Amino acid sequence: MVAGDQILNKAPGESIFRSHLYRKGADPLIVKKREVPLKIHKLEALARRLPELHAKRPDVEAELAKSWAGHRGEEALDYHLTFLEEGQHMIFHGLRLPGANGHFFQIDTLILCANMAVILETKNIAGTLYFDQFFHQLLRTQEDSEDIFSDPLLQIRRQKRQLTSWLANRKITDIPIAPFVVISFPTTKITTDPEHKEVLQKVIHAATVPYKIERLHQLHQTSILKTKDLKKAAHQLVTQHVPHNPDLLKQFQISEAELLKGAQCPACQHIPMKRMKGKWHCLRCNHRSSDAHIQALTDYALLHNNTMTNRTFREYLQIDSRSIATHLLRTLKLQHSGSQKNRTYQLPTIK
């Protein structure tokens, strides 16, 4: 059994700032790598814990599918970023930074260079897109259906303004910031009124990103940031990042009492399994597991609390024996505090 932050199958580690951020002639440096968002982990946990016929299940599953589609669209962009040249690009994926008045702003991908910054807002939408700049909305037609989305051009304008303010508060001014809406689905058709020049300039397919950035380097040849300032800015971007941690139970108006308790069968997904003779036994398919409680603890930490006592462990895993619960908790080697009788265990969390 592994210990500490590996127990709950934590996503690959948080982005770590490295001292060799600016390496002339090197490949683009990913300072903050792209990770599966915490929201997706929480949605998956919620989907596991909702009864099959729960009224909110369709809403949760739809939100989960939408979130995965967005993430996969961002991943599709990553391939094209490998074609960036010059070695002067520092890439930050999935930034969420504090802005004015206590609000946060998010950027799918930020590329920071000595001479400029580039914001890439990715949209993974298939079909035919029409960017309506009269009413500031995005219309998608596909197979005789029409969907309406908020205007991503307004979104990138806002992101540019917020990033400009964030940088200015750190005494970084005069650096050009170029925002783009990136359509990651390669066969999506992009349309607009020919009068709307901003759409023609700012909405691009993912494959054209390296060429757009190459053109920007030709336009902005003067370095604004010295190497030390670039490193400092990169460090602050990473350390100021705060992952989005939504309260899904509040969002979907689901009470904790409505969620299923117990270990989930890894074979048939039935909840709960029964603890018998040192194993978890599925009463539906007869599958046996030695560690099904680990996924249950992951779900508990994501949806409820990242601390747990022996009593709450027994209640959640539906174990009657205190000694069995104590044994399982000890094998996990969790950090804990308090006396043996009143011990509280710290559950590692996904970030």
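Following the numbering used here, the numbering of the sequence shown begins with 441 at its first residue and continues without gaps. For each residue, glycine too, the CB sits at the ideal point set by N, CA and C. In this text, all values refer to a predicted model and were calculated from it rather than measured experimentally.
From the options, residue whose alpha carbon lies closest to that of residue i
i	options	result
G513	R489, T632, T549	T549
L787	D760, S761, Q735, Q758	Q735
E475	H533, Q691, L737	H533
A618	S695, K642, A732	K642
L699	R489, P477, Q680, K781	R489
K668	T522, T784, C553, I547	C553
T784	Q577, A673, T747	T747
Q546	N685, S663, L493, R497	N685
Q573	E583, D591, A566	D591
P468	D518, H511, V500	D518
F544	K714, Q602, M716, R610	Q602
K472	H675, A502, T604	H675
L737	A697, F753, T771, L607	F753
Y740	H727, I531, E515, E696	E696
V639	K719, Q577, D584	Q577
Beta-carbon separation (whole angstroms), residue i vs residue j, contact threshold 8 angstroms
i	j	result
L743	A485	5 angstroms
P538	V682	7 angstroms
L579	I588	6 angstroms
Residue i and residue j closer than 8 angstroms at C-beta
i	j	result
A557	I596	no
L665	L535	no
N564	A509	yes
T581	T562	no
F620	I559	yes
A732	Q704	yes
F571	H636	yes
I764	R715	yes
H645	I612	no
S729	K717	no
A540	T628	no
Same chain, Cβ closer than 7 angstroms to residue i, five either side skipped, listed in chain order
i	result
H660	N555, M556, P616
P766	The sequence given here has Thr at residue 766, not Pro. The answer, listed in chain order, is N750.
L650	The sequence given here places Pro at residue 650; Leu does not occur at that position. Only H520, F523, L524 meet the Cβ criterion.
Q758	K701, G702, P712
F692	K496, D499, V500
T662	N555
I456	Residue placement at I456 cannot be trusted, given a pLDDT of 29 that sits under 50; the coordinates are not used to answer.
E503	L483
H776	R783, T784, Y785, Q786
L768	H733
Contacting residues, own chain, Cβ-Cβ under 6 angstroms from residue i (five flanking each side not counted)
i	result
L688	K482, L486
R724	C708, H710
I480	S507
C722	C705, H710, M713
G444	Caution applies to G444, whose pLDDT of 34 falls short of 50 and renders its modelled position unreliable; the model cannot decide the point.
H727	C705, A707
I531	P468, I470, I551
R458	Annotation note: pLDDT 33 at R458 (below 50); position unreliable, coordinate value reported separately. Excluding residues within five positions, none has a Cβ falling inside 6 angstroms.
Counterpart residues of residue i in DSSP-defined beta bridges
i	result
F545	L537
A618	V558
Q799	Any question about residue 799 goes unanswered here, given that the chain covers just 441 to 791.
S695	Partner(s): none; S695 has no beta bridge.
S585	Q582
W720	R715, S729
L552	M530, A557
T568	T581, K629
V643	V621
K472	F532
S590	Q577
Contacting residues, own chain, Cβ-Cβ under 8 angstroms from residue i (five flanking each side not counted)
i	result
I653	L524, H529, I551, V558
E439	The displayed coordinates of the chain run from 441 to 791. Any statement about residue 439 would go beyond what the structure contains.
G778	T784
T631	T568, L569, Y570, F571
D760	R754
Residue i: CB within 7 angstroms of a non-hydrogen atom of the ligand PLP
i	result
Q780	In terms of ligand content, the structure shown is empty, and the ligand PLP therefore cannot be addressed.
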